[in-house]
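S.K.:
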């Protein structure tokens with residue numbers, strides 16, 4: 002077993018504790034049912050024996066027949082109960098694990114390198130977690146039955162007929178050994194299959210996002226063929242896993258068949274007195290009982306074989322989840338909202354900082370210092386790709402940096418994350434609009450904001466004019482990623498968020514991209530008006546925007562240089 | 006059911022393999038029933054025989070062995086063939102769905118979200134595997150085996166035939182129908198809830214930075230927990246239904262067994278049939294319920310399969326974006342583009358364009374400027390026939406674009422849209438999407454024109470540098486420039502640029518405008534922009550105001 006699979010096995014048993022009570026019942030119920038099965042088979046054999054060998058009247062057999070019916074129905078009930086508890090336990094575990102993964106994903110730094118792609122994260126949290134279902138709901142109960150029932154049955158049969166008993170007790174434990182031999186390669190094949198599934202899911206998501214682009218470039222057929230090819234590759238892998246699984250259950254069936262056929266033949270030979278291994282004569286009742294029990298001895302093992310690859314699949318799923326999202330968290334992180342907090346403007350100090358691009362390949366800033374006083378309004382200009390975004394994200398603690406960044410004189414590291422978030426606002430480039438109403442998208446900046454506040458923010462960001470033209474106004478549902486809005490309209494929606502924040506430090510990354518000159522001017526006036534008494538840093542390559550701000554810096558040669566301000570209109574703060 | 010019907014052609018393609026899997030399943034079941042029956046007959050007959058060693062052992066014992074091994078082999082074959090067919094079917098389905106999607110983008114239904122789409126393609130398609138493998142197959146198998154055993158009973162033990170027939174009909178026909186009827190809405194809700202969970206994860210990963218910065222992680226994770234709680238409840242409802250149905254089937258099986266037993270005992274007291282036959286029949290009845298045990302679980306899944314089929318069908322039967330012309334006309338080369346009195350609105354009450362007219366000569370470079378939201382991008386979409394104007398016409402030369410096959414139309418134009426994506430692939434493959442046979446030299450030319458050449462040259466892997474999801478290894482500006490380079494790689498004579506310099510700083514923007522005429526020499530350019538354009542960049546600037554050209 003690879004160390005990975007071993008660790009995955011441990012993770013599975015750790016998770017099991019979250020649903021242990023239900024799972025215990027799920028394992029116990031079929032065991033009780035198995036016990037009743039012996040009684041049922043004995044009664045059934047008794048009826049046949051008494052009717053045929055004893056010649057008893059049907060009426061005399063009625064109570065026994067009633068007992069068989071009652072036993073059958075009770076056993077069915079026990080089976081149903083076991084399945085129900087298995088389902089409850091598995092659902093509990095899956096829900097817990099999903100919340101665990103989701104909260105730990107969210108609590109990480111959003112700019113951490115090697116983040117899972119969204120397609121892969123969905124595959125891990127939704128699909129791979131689902132792959133654990135069968136392990137808890139079916140494999141574990143099957144395992145308990147396979148471990149106990151054949152031995153119990155064997156032990157009951159042994160004193161009744163030692164040959165049959167011995168046959169069962171010897172053949173039954175051999176089966177798992179052979180199955181293990183056949184299933185040797187199953188784990189690896191299952192791992193490969195899980196990886197292929199993730200890849201397929203990622204590819205789907207990626208290609209779907211660009212469906213229109215692919216269509217316009219006439220790639221419809223090629224991409225469709227590509228998806229089919231990826232899907233076929235997945236089929237091959239899946240089939241490899243299944244072939245092994247089916248082979249191992251065929252081996253089991255082979256032994257079970259040998260057992261049943263062997264018992265039948267042994268009984269027949271004993272009856273015609275070809276074999277004389279018993280001390281007492283064989284009754285028809287006992288023979289029917291043995292014949293009825295023969296398949297039942299192997300049944301728990303067959304059940305286990307049917308769910309044998311559930312364990313491998315669950316382990317592979319755990320490995321895959323950890324590959325995508327990192328080690329399984331043990332405790333759920335409780336995440337809290339951070340409400341915006343009103344307060345004074347925040348001064349920003351960069352003291353000999355060194356910054357690298359997100360891929361850490363290139364220096365953005367080297368040993369650079371800069372002071373931005375509280376309440377100052379500053380533009381950050383410079384060619385794109387020079388690291389303006391990286392600098393803004395570093396100031397707000399999303400990027401690693403060397404040197405010292407201080408806000409209001411306190412080191413960034415000393416700021417409690419809560420207060421940092423509550424007091425600051427960063428408008429990222431291409432912020433995501435969620436599938437909800439315009440109002441909800443704006444209110445994301447402050448859950449629970451009053452309708453009046455939302456409307457006011459919408460006014461300031463010039464959302465109201467286009468919202469009013471829509472059927473439901475601010476309550477118009479917009480599609481995921483702002484589908485149905487023009488680029489400029491989507492940008493105005495996210496700008497509106499600013500006005501709900503009351504932040505002491507406002508960082509805007511290209512706030513007026515997608516906006517034309519007139520609108521840009523209007524919105525910048527609103528932003529600057531709102532930012533009075535707050536610190537404002539705007540990364541932009543619009544000269545008009547930079548011109549409206551007090552100072553301008555550009556990134557050049559790995560340092561910050563004052564940029565000449567274009568001709569400023571007088572009277573604009 | 007109607008939804009499943011639309012998938013029939015896909016199933017038909019694999020009909021041969023499906024019939025084979027079904028036959029093998031039947032052989033497996035029949036061998037199982039026969040095995041138990043023969044064994045019962047064998048031991049009873051030997052118990053009652055007075056022939057001693059003269060009893061013919063050979064036939065029954067070889068029958069027992071034969072049935073055992075037939076059963077093992079046919080079960081192995083059935084599983085392999087069944088799964089292989091199902092997986093092939095899934096590939097077919099994925100291809101079918103993708104092929105159905107292309108002519109339908111941009112999707113008319115705004116409520117279909119990206120996360121939802123991915124969910125449809127993967128989960129729904131997977132859910133459909135149960136439609137054949139674990140629903141239809143075992144279902145038909147159970148019906149046939151049930152009918153077979155009923156017939157045998159009617160012949161040998163008529164008293165048992167009625168009760169057995171009724172019980173198995175109830176187990177095979179009535180319980181599944183009930184289960185589907187009851188479980189259908191729950192199944193539909195499970196699929197929808199799972200899609201919601203997916204979207205929640207998509208929203209969280211794609212918007213992670215924004216959600217963190219806005220301090221709404223608590224709300225986000227609370228919403229996710231609620232969605233999960235909802236999903237759990239729905240799944241348990243379906244599970245309860247399935248388990249209840251399973252119990253019902255077993256209870257019916259118990260009745261059938263006890264009924265057969267009673268009929269057998271009574272018939273035996275009356276002198277018929279042969280006791281060995283009676284034991285054989287009781288055991289065969291017991292064996293026949295192996296078939297019904299499987300169908301309940303599969304029918305439970307069939308409810309979600311049906312829901313999945315409905316959703317796929319809904320997606321595939323969305324209206325086509327445009328109607329293709331019955332007799333397409335060729336795209337007139339070197340002909341002017343005419344917009345004549347074009348009016349268009351995304352919703353009936355808002356007109357984006359009002360009687361807009363414009364003629365673009367071949368090789369002309371035109372910038373379209375105007376307020377944001379004023380219909381500049383819409384103009385490009387109309388020209389590509391992604392939307393159809395409510396009034397007026399767009400033509401190339403004398404040919405209305407509605408008369409040109411859309412593939413042909415698209416081949417003549419290359420668009421950089423505001424949401425052009427970077428694909429998870431290498432830089433080279435991202436560019437080759439525009440034109441598969443472009444040479445490296447042409448790729449570099451396009452990269453240089455988009456001012457990305459130096460950056461790519463500085464990468465250790467050059468053109469083979471992988472770019473991550475949404476181009477995470479690239480800055481927003483670089484992603485934009487990569488998309489621009491892709492647009493330029495295409496040899497299309499008409500270049501449509503929607504805010505090409507959106508993420509560029511002014512210096513790069515100016516440099517881009519300078520190279521634009523060079524990069525697009527001999528081609529028609531329609532550029533939507535709000536940037537200040539240096540003189541000489543374009544031949545003409547058209548201002549779009551209030552839906553009209555100023």
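Residue numbers (my numbering), protein chains in the order written: chain C, 2 to 574; chain X, 6 to 555. A virtual CB, placed ideally from N, CA and C, is assigned to each residue, including glycine.
1) From which residue to which residue does the beta strand (DSSP E) around residue 227(X) run?
2) Can you find a CB in chain C that lies within less than 8 Å of the CB of residue 476(X)?
3) Answer with buried or exposed for residue 63(X), where buried requires no fewer than 16 other C-beta atoms within 10 angstroms of its C-beta.
4) Quick one: is residue 17(X) near chain C, going by C-beta distance under 8 Å?
5) Whole angstroms is fine: what's the gap from residue 450(X)'s alpha carbon to residue 368(X)'s?
6) How would you write the range of the alpha helix (DSSP H) that residue 332(C) sits in, first residue to last?
7) Would you list, in chain order, the members of the region 44-56 of chain X that have their beta-carbon closer than 9 Å to a beta-carbon of chain C?
8) Here's the rule I'm using: 16 or more other beta-carbon atoms within 10 Å means buried, otherwise exposed. How should residue 88(X) be labelled?
9) Could I get the ranges of all uninterrupted alpha helix (DSSP H) runs contained in the region 66-153 of chain C, with 4 residues as the minimum, in chain order?
10) Check residue 307(X) in the structure and name its three-state DSSP category.
11) Helix, strand or coil: how does DSSP classify residue 277(X) here?
12) Residues in the region 188-215 of chain X with C-beta within 9 Å of chain C's C-beta atoms, listed in sequence order?
13) Give me the Cα-Cα distance between residue 475(X) and residue 443(C), rounded to the nearest whole angstrom.
14) My assumption, with CB atoms under 8 Å, is that residue 545(C) sits in contact with residue 505(C). Please give the rounded CB distance.
15) Please confirm whether residue 524(C) and residue 507(C) have their CB atoms less than 8 Å apart.
16) Below 8 Å on the Cβ atoms is my contact criterion, and I expect residue 333(C) with residue 104(C) to pass it. Report the Cβ-Cβ distance as a whole number of Å.
17) Cβ atoms of residue 401(X) and residue 340(X): under 8 Å apart, would you say?
18) I'd like to confirm the pairing. Which residues does DSSP put opposite residue 554(X) in its beta bridges?
19) Can you tell me which of the three DSSP states residue 107(X) falls into?
20) Write down the C-beta distance between residue 224(X) and residue 151(C) rounded to the nearest angstrom, noting that I regard them as a contact closer than 8 Å.
21) Under 8 Å between the Cβ atoms of residue 35(X) and residue 150(X)?
22) Hey, residue 308(C) and residue 135(C): beta-carbon distance below 8 Å or not?
23) Measure from the C-beta of residue 18(C) to each C-beta in chain X and report whether the shortest distance is under 8 Å.
24) Using a cut-off of 8 Å between C-beta atoms, extract the partners of residue 236(C) located in chain X.
25) Pull up the distance between the alpha-carbon of residue 318(C) and that of residue 540(C), whole angstroms please.
26) Within 10 angstroms of its Cβ, does residue 284(X) collect 16 or more other Cβ (buried), or is it exposed?
27) Considering residue 453(X), what are the terminal residues of the alpha helix (DSSP H) in which it resides?
28) Around the Cβ of residue 573(C), are there at least 16 other Cβ atoms within 10 angstroms (buried) or fewer (exposed)?
29) With 8 Å as the threshold, decide whether the Cβ of residue 39(X) is near any Cβ in chain C.
30) Can you grab the Cα-Cα spacing for the pair residue 31(C) / residue 169(C), in whole Å?
31) In whole angstroms, give me the CA-to-CA distance for residue 236(C) and residue 493(C).
32) Of the choices 273(X), 517(X) and 294(X), whose alpha-carbon is the least far from that of residue 59(C)?
33) For residue 556(X) and residue 237(X), I'd like the C-alpha separation in whole angstroms.
34) Compare the Cα-Cα distances from residue 431(X) to each of 380(X), 112(X), 325(X) and 464(X) and report the closest residue.
35) Output the distance between the C-alpha atoms of residue 227(C) and residue 145(X), rounded to the nearest integer angstrom.
M.R.: Short version:
1) Residue 227(X) sits at position 222 when you count from the first residue of the second chain. In the DSSP assignment, residue 227(X) falls outside any beta strand (DSSP E) and lies within the alpha helix (DSSP H) extending over 222-274.
2) The residue you call residue 476(X) lines up with position 471 of the second chain. The pLDDT assigned to residue 476(X) is 47, lower than 50, so where the model puts this residue is not dependable; a value taken from the coordinates is nonetheless given after this. For residue 476(X), the answer is no, since every Cβ of chain C falls outside 8 Å of its Cβ.
3) In the second chain, counting from the first residue as 1, residue 63(X) sits at position 58. Counting other Cβ atoms within 10 Å of its Cβ, residue 63(X) stays below 16 and is therefore classed as exposed.
4) Taking the second chain and counting its residues from 1, the one referred to as residue 17(X) is at position 12. Not closer than 8 Å to any Cβ of chain C, the Cβ of residue 17(X) fails to qualify, so no.
5) Translated into positions along the second chain, residue 450(X) becomes position 445. Translated into positions along the second chain, residue 368(X) becomes position 363. Counting only the Cα atoms, residue 368(X) lies some 20 Å from residue 450(X).
6) Position 331 of the first chain, counted from the start, is the residue given in the question as residue 332(C). For residue 332(C), there is no enclosing alpha helix (DSSP H), as DSSP gives it neither H nor E.
7) Cβ contacts with chain C: 44, 45, 47, 48, 49, 50, 51, 52, 53, 54 and 56.
8) Here residue 88(X) is taken as the residue at index 83 of the second chain, counted from 1. Buried: at least 16 other Cβ atoms inside 10 Å.
9) Runs of the alpha helix (DSSP H) lying entirely within the region 66-153 of chain C and spanning at least 4 residues, in chain order: 119-123.
10) As a first step, residue 307(X) must be located in the second chain, where it is residue number 302. It is helical.
11) Working through the second chain from its first residue, we reach residue 277(X) at position 272. Coil, per DSSP.
12) Result list: 199, 202, 203, 204, 205, 206, 207, 208, 209, 210, 211, 212, 213, 214 and 215.
13) Against the second chain, residue 475(X) aligns to sequence position 470. Against the first chain, residue 443(C) aligns to sequence position 442. In this prediction, residue 475(X) has a pLDDT of 47, which is less than 50 and means its spatial position is unreliable; nothing more can be read from the coordinates.
14) As a first step, residue 545(C) is located in the first chain; it is residue number 544 there, counting from the start. As a first step, residue 505(C) is located in the first chain; it is residue number 504 there, counting from the start. A Cβ-Cβ separation of about 26 Å leaves residue 545(C) out of contact with residue 505(C) under the 8 Å criterion.
15) Translated into the one-based positions of the first chain, residue 524(C) becomes position 523. Translated into the one-based positions of the first chain, residue 507(C) becomes position 506. It is not a contact, given that the beta carbons lie outside the stated cut-off.
16) For the purposes of this step, residue 333(C) is identified with residue 332 of the first chain, where counting begins at 1. For the purposes of this step, residue 104(C) is identified with residue 103 of the first chain, where counting begins at 1. Confirmed, about 5 Å.
17) Numbered from its first residue, the second chain carries residue 340(X) at position 335. Numbered from its first residue, the second chain carries residue 401(X) at position 396. Cβ atoms of residue 340(X) and residue 401(X): closer than 8 Å.
18) Taking the second chain and counting its residues from 1, one reaches residue 554(X) at position 549. Paired residues: 549(X).
19) For the purposes of this step, residue 107(X) is taken as the residue at position 102 of the second chain. Secondary structure of residue 107(X) (DSSP, three-state): helix.
20) Counting from 1 along the second chain, the entry for residue 224(X) is found at position 219. Counting from 1 along the first chain, the entry for residue 151(C) is found at position 150. That pair is no contact at about 53 Å.
21) Taking the second chain and counting its residues from 1, the one referred to as residue 35(X) is at position 30. Taking the second chain and counting its residues from 1, the one referred to as residue 150(X) is at position 145. Yes, these two residues count as a Cβ contact at 8 Å.
22) In the first chain, residue 308(C) corresponds to position 307, counting from 1. In the first chain, residue 135(C) corresponds to position 134, counting from 1. Yes.
23) Sequence index remark: in the first chain, residue 18(C) carries index 17 (1-based). No, its Cβ sits nowhere closer than 8 Å to a Cβ of chain X.
24) To locate residue 236(C), count along the first chain from 1; it is residue 235. Those are 89, 92, 93, 95 and 96, listed as they occur along chain X.
25) The residue given as residue 318(C) occupies position 317 in the first chain. The residue given as residue 540(C) occupies position 539 in the first chain. Their Cα atoms are separated by approximately 43 Å.
26) Counting from one through the second chain, the residue named residue 284(X) turns up at place 279. Per the 10 Å Cβ criterion, buried.
27) Residue mapping note: residue 453(X) aligns to position 448 of the second chain, counting from 1. Here the alpha helix (DSSP H) through residue 453(X) covers 445-454.
28) Residue numbering aside, residue 573(C) sits at position 572 when the first chain is read from its first letter. Only weak support exists for where residue 573(C) lies, its pLDDT of 38 falling under 50; the coordinates are left without a value.
29) Numbered from 1 along the second chain, position 34 holds the residue referred to as residue 39(X). Taking Cβ atoms only, chain C never reaches closer than 8 Å to residue 39(X), which makes this a no.
30) Sequence index remark: in the first chain, residue 31(C) carries index 30 (1-based). Sequence index remark: in the first chain, residue 169(C) carries index 168 (1-based). C-alpha separation (whole angstroms): 20 Å.
31) If you number the first chain from 1, residue 236(C) lands on position 235. If you number the first chain from 1, residue 493(C) lands on position 492. So the two alpha carbons sit approximately 46 Å from each other.
32) For the purposes of this step, residue 59(C) is taken as the residue at position 58 of the first chain. Among 273(X), 517(X) and 294(X), the Cα nearest to that of residue 59(C) belongs to 273(X).
33) Residue 556(X) lies beyond the stretch modelled for chain X, which goes from 6 to 555, so this question has no answer here.
34) Numbered from 1 along the second chain, position 426 holds the residue referred to as residue 431(X). With distances taken between CA atoms, residue 431(X) lies nearest to 464(X) out of 380(X), 112(X), 325(X) and 464(X).
35) Translated into the one-based positions of the first chain, residue 227(C) becomes position 226. Translated into the one-based positions of the second chain, residue 145(X) becomes position 140. In a straight line, the C-alpha of residue 227(C) is about 35 Å away from that of residue 145(X).
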